[in-house]
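>
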């Protein structure tokens, strides 16, 4: 069933057109991604769908009773409530029903004081209300709250913590949790993966796959989209185009469509050229002028195909190095770090080794100290114990997710030029142009830039350093998908060494050849990409489960068998195996004999002769009994 339809929706801000002739359809179980460049109008479209913003022309059709839940990019719960009480607000109707049931139960304790009609009426009303309470999830809502809070990484928090004491990211996660608990018919999520670590992202993916309503998502997390959506709408040049399948399916289909459209365009262009040349050669000749006029009419009537529009302009990122480092780039041995006012270390016993050309991803839950470890490597923080050893000729370039190295009062041009004053302005502008800052864009003040623009500027500064060890802290934050893909290509071709922190699993898969998982008590190295790391984690979890079961099954007084006992058991086992093999051989021969007897009984000279028929029937029954007896022996030996 269609729950929302957008027909020819357009939206402009002043003279700037954002959306034009947008067509989009949502059915009640759809999982839809809306993708496109930063500034393409994705968030604007979501706001129109959520009735948070008006549109200029077109129509938006939806049922009157459609419930919509909308999470904007910057939503955060602002409340004086505790975490638990805020989540309870979603279930106020159920709580009122529950209170009503408790009141009725109090009256039912004194049924003897009521007359027959009152008693019957009370019991009937109680039964109706209890059934309604149960069908609305009244006995499960507290479990639902706990499950969502646990999934969004609030398991270790006291649920009586006031919300106004939480960080901005935690408030955003709570806003998402409250929205999920409401279960609207249509869930509209704008960048829901912001502020989520990998573990929480995995939980959210599974939750959305099983969500009872429709879901529309804007996200730059391609791995997340691959796991959650089955329809993709791309906004490009103010319009939408629909694709069926996951995000990866969309990329393949888009490339195939462009290739096919280009072939059709080129084929028609070849045909047009031939017709035009024929007309020019033959129009003035009396003998061929009619044929030329016919070709001219054919040209005039032709429905001309426009040249297919390729992707919009992309950043052109490359990272170079001034000199090569030694083979051993970085050694970390038994490293620990503790903040001065903290009793417990943030992390300890962290050890790993990086050689030239490797690309290492640091993963782990939020708060485990990944960024702090990077700052220890950079020398911005001092470890409590352990050693960090940089190799020969190692030059470090650092990308800070907070972009603290950008000066808000400078222009984009001066942000680079002031640090490299000997470089020609033309060359600085060329570098900025590669990162999509062209013309007057370079004169913008840094403080006016969007998150994506600041990220590109920070990457431009990193490129100018020509370092051979890149230390990147969440480099894909704020980048649109196209910019991420360009960055990935640049890092894959980078001749140096990379260590990075990222929650973007698609990015990790593309870049990493090792994954280092950080925990409070140490770090473990996995020799592969993110998918390999997941496989190994699953294997480890399964092994732990089997070991726990084995430990649980063993009796406390169980002792190791002596050598003689072990040999005796092995001898008995071999004997059983020989018996089983002999039985299987005998059973097989008897089954063949039974088939032959049954076939013989179908012959006219047997079934027409009463005595012979009786004889074969007796033989058949004897063979069946023998097979049954041997099967019982075989089963008993197998069980032993």
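Residue numbers (full-length UniProt numbering): 1 to 640. We put the CB at the ideal spot given by N, CA and C, even for glycine.
(1) Grab the span of the alpha helix (DSSP H) containing residue 104 for me, first residue to last.
(2) To the nearest angstrom, report how far apart residue 12 and residue 240 are at their CA atoms.
(3) Would you please state the rounded distance, in angstroms, between the beta carbons of residue 476 and residue 507? I believe it to be under 8 Å.
(4) Is the Cβ-Cβ distance between residue 465 and residue 397 less than 7 Å?
(5) Could you tell me if residue 339 is buried or exposed, where buried requires 16 or more neighbouring beta carbons within 10 angstroms of its beta carbon?
(6) Assign residue 624 to one of three DSSP states: helix, strand, or coil.
(7) Give me whichever residues DSSP pairs with residue 7 in a beta bridge.
(8) Residue range of the alpha helix (DSSP H) that residue 431 falls in?
(9) Can you find the residues in the same chain that come closer than 8 Å, C-beta to C-beta, to residue 456, ignoring five residues on each side of it along the sequence?
(10) Quick check on DSSP: helix, strand or coil for residue 494?
(11) Starting from residue 141 and walking both ways along the alpha helix (DSSP H), at which residues does that stretch end?
(12) Between which two residues does the alpha helix (DSSP H) carrying residue 131 extend?
(13) Helix, strand or coil: which one does DSSP assign to residue 386?
(14) Taking just the CA atoms, how far does residue 28 sit from residue 628?
(15) Just curious, the beta strand (DSSP E) that residue 241 is in, first and last residue?
(16) How far does the alpha helix (DSSP H) with residue 277 in it reach, from first residue to last?
(17) Secondary structure at residue 548, three-state DSSP: helix, strand or coil?
(18) Who does residue 35 pair with in a DSSP beta bridge?
(19) Enumerate in chain order the residues of its own chain whose CB-to-CB distance from residue 265 is below 8 Å, with the five nearest sequence positions on each side excluded.
(20) Please list, in chain order, all residues of the same chain as residue 531 whose beta carbon is under 8 Å from its beta carbon, the five residues on each side excluded.
(21) Leaving out five residues before and five after residue 107 in sequence, what residues of the same chain have Cβ atoms less than 7 Å from its Cβ?
(22) Report buried or exposed for residue 195, applying the criterion of at least 16 other Cβ atoms within 10 angstroms of its Cβ.
(23) Would you call the stretch 294-304 in contact with the stretch 333-351, where contact means no fewer than 3 C-beta pairs closer than 8 Å?
(24) Please report the distance separating the alpha-carbon of residue 637 from that of residue 534.
(25) Thinking residue 233 and residue 32 are a contact (beta carbons under 8 Å), I'd like their distance in whole angstroms, please.
(26) How would you label residue 191, buried or exposed, when you count the other beta carbons within 10 angstroms and need 16 or more for buried?
(27) Please go through the same chain and pick out, in chain order, the residues whose beta-carbon is closer than 7 Å to the beta-carbon of residue 154, but skip the five residues on each side of it.
(28) In terms of residues, what are the limits of the beta strand (DSSP E) holding residue 190?
(29) Classify residue 395 as helix, strand or coil using the three-state DSSP reduction.
(30) Roughly how many whole angstroms lie between the Cα atoms of residue 88 and residue 178?
(31) Identify every run of the beta strand (DSSP E) within the stretch 147-229, keeping only runs that are complete inside it and at least 3 residues long; order them along the chain.
(32) Among 68, 124, 165, which has the Cα closest to the Cα of residue 80?
(33) So what does residue 461 bridge to, in DSSP terms?
(34) Less than 7 Å separating the beta-carbons of residue 8 and residue 58?
(35) Cutting at 6 Å between CB atoms, please list the residues of its own chain near residue 182, excluding the five before and the five after it.
(36) Could you give the C-beta distance for residue 364 and residue 517, rounded to a whole number, given that I count them as a contact under 8 Å?
In short:
(1) In the DSSP annotation of this structure, the continuous segment of the alpha helix (DSSP H) that includes residue 104 starts and ends at 92-108.
(2) Cα to Cα, residue 12 sits roughly 16 Å from residue 240.
(3) Taking 8 Å as the upper bound for CB-CB distance, residue 476 and residue 507 are in contact here, some 5 Å apart.
(4) Yes; because the gap between Cβ atoms is below 7 Å, this pair is in contact.
(5) So residue 339 ends up on the exposed side.
(6) Three-state DSSP puts residue 624 in a helix.
(7) Within the DSSP bridge table, the entry for residue 7 names 59 as partners.
(8) Element bounds for residue 431: 425-434.
(9) Correct list, in chain order: 315, 435, 436, 437, 479, 483.
(10) In this structure, DSSP gives residue 494 a state outside helix and strand, which the three-state scheme calls coil.
(11) Residue 141 -> alpha helix (DSSP H) spans 141-151.
(12) Per DSSP, the unbroken alpha helix (DSSP H) holding residue 131 starts and ends at 116-135.
(13) Looking at residue 386 - three-state DSSP - the assignment turns out to be strand.
(14) Each residue's alpha carbon lies about 57 Å from the other.
(15) Annotation for residue 241: the continuous beta strand (DSSP E) segment containing it runs 239-244.
(16) 247-282 is the span of the alpha helix (DSSP H), which, as asked, contains residue 277.
(17) Reduced to three states, the DSSP call for residue 548 is helix.
(18) Answer is 234, bridged to residue 35.
(19) Once the five neighbours on either side are set aside, the close Cβ partners of residue 265 are 305, 306, 307, 308.
(20) The residues are 509.
(21) Result list for residue 107: 122, in chain order.
(22) By the Cβ-count criterion, residue 195 is buried, with 16 or more other Cβ atoms from all chains shown falling within 10 Å of its own Cβ.
(23) Segments in contact, no.
(24) Going from the Cα of residue 637 to the Cα of residue 534 covers about 41 Å.
(25) For a cut-off of 8 Å, the C-beta gap from residue 233 to residue 32 is around 6 Å, short enough to register as a contact.
(26) So residue 191 ends up on the buried side.
(27) 83, listed in sequence order.
(28) It spans 186-190 - the beta strand (DSSP E) in which residue 190 sits, taken as one unbroken run.
(29) Coil at residue 395, not helix or strand.
(30) For residue 88 and residue 178, the distance between alpha carbons rounds to 9 Å.
(31) Along the length of the stretch 147-229, whole beta strand (DSSP E) runs at least 3 residues long occupy 186-190, 214-218, reported in chain order.
(32) Nearest option by C-alpha distance: 165.
(33) None, per the DSSP bridge assignment.
(34) Their beta carbons are under 7 Å apart, which means residue 8 touches residue 58 by this criterion.
(35) 69, 90, listed in sequence order.
(36) The Cβ separation is near 6 Å, so the contact holds.
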